[in-house]
Amino acid sequence: MNQDLPAGPPPPPEAAGAVFGDRLPDAVRYAELLAETGVRRGLIGPREVPRIWERHLLNCAVLSEVVPTGVTVCDVGSGAGLPGIPLALVRADLRITLLEPLLRRTTFLQEVVELLGLEEQVSVVRGRAEEVLNTFPPVHVVTARAVAPLDRLAGWGVPLLRPYGEMLALKGDTAEQELKGARAALSKLGVVRSEVLHVGADVVDPPATVVRVEVGESPGGVRFAAKRAKAARRAGRAGRGPR
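Residues 12 to 254 in my numbering are what the sequence shown spells out, letter by letter.
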């Protein structure tokens with residue numbers, strides 16, 4: 012037996028019951044899948060298993076505090092399903108797409124969705140944000156965690172938004188500096204408002220840090236508006252077919 016692999020996740024802390032409610036058994040199963048299959052396939056490191064609840068599941072679940080009701084969500088670079096899967100477990104009103112380019116990760120995500128009975132709420136799409144831009148409807152909210160620096164992440168995520176949508180990025184201690192350094196890039200992408208939020212103060216210590224950026228009527232800015240218009244014209248011509 013490999014002594015480096017923990018036997019399984021710790022039991023859920025008391026806060027998990029309040030956060031996940033009647034979906035706590037599914038959250039426990041997801042923690043087990045991360046700790047076992049996730050570690051075995053290299054999706055998370057074995058040293059993450061002892062802190063899987065506080066650092067991963069609960070840290071992601073509290074993002075629900077700032078997600079509007081009944082919206083569509085795209086979790087960009089979903090990886091092992093964070094924050095998309097915890098968000099789905101605490102918010103049945105959301106319709107979530109887990110977007111991930113790597114096959115071994117999308118395979119795991121599809122297994123998790125089926126095992127937790129989330130098929131009607133969560134879909135898994137393999138691809139990069141820039142590749143799928145015109146292949147599914149724009150969403151109200153884009154989420155991301157530990158994917159890339161904010162300016163680069165916004166270049167991938169913001170164009171996927173509907174007009175007046177928002178991107179919610181879970182970040183660390185450098186969130187304020189990242190936001191300050193990315194303001195020029197965000198403005199070019201059509202972002203009209205941005206802020207750093209702290210959520211889950213009663214659940215996780217320290218609270219989770221979220222950068223929220225809101226777009227105006229042209230998500231992605233002028234360049235992406237032109238690309239969308241061009242794609243729409245192509246789709247229209249294809250729909251009419253030969254005369």
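Ideal Cβ placement from N, Cα and C applies to all residues, glycine included.
Residue i, DSSP secondary structure in three states
i, result
"E225", "strand"
"E142", "coil"
"T154", "strand"
"L93", "coil"
"A29", "helix"
"A165", "helix"
"T118", "helix"
"E130", "coil"
"G232", "helix"
"I63", "helix"
"D37", "helix"
Counted within 10 angstroms of its Cβ, other Cβ atoms place residue i as buried (16 or more) or exposed
i, result
"G183", "exposed"
"F31", "buried"
"P230", "buried"
"V203", "exposed"
"Q14", "Legend: pLDDT at Q14 = 46, less than 50; position of this residue unreliable, value from coordinates given subsequently. Exposed is the call here."
"P20", "buried"
Member of the options whose CA lies at the smallest distance from the CA of residue i
i, options, result
"P217", "H67, R34, L200 and Y175", "H67"
"R156", "P230, A38, P57 and I96", "I96"
"G90", "V158, A99, V101 and A38", "V158"
"R139", "T118, D86, V221 and T48", "D86"
"E189", "A103, P170, V221 and V215", "V221"
"V169", "R115, V84 and R34", "V84"
"A99", "M178, L197, L54 and L35", "L35"
Assumed close pair residue i, residue j - CB separation to whole angstroms, cut-off 8 Å
i, j, result
"V136", "L105", "With 8 Å as the limit, V136 and L105 do not qualify as a contact, their Cβ atoms being about 16 Å apart."
"G176", "V150", "7 Å"
"L93", "A26", "Contact flag wrong, Cβ pair sits at about 17 Å."
Three Cβ pairs or more, each shorter than 8 Å: is that satisfied between the segment 201-211 and the segment 124-135?
Contact between the segment 201-211 and the segment 124-135 is absent, because fewer than three Cβ pairs lie under 8 Å.
Take every Cβ of the segment 219-226, pair it with every Cβ of the segment 184-204, and state whether three or more of those distances are shorter than 8 Å.
yes
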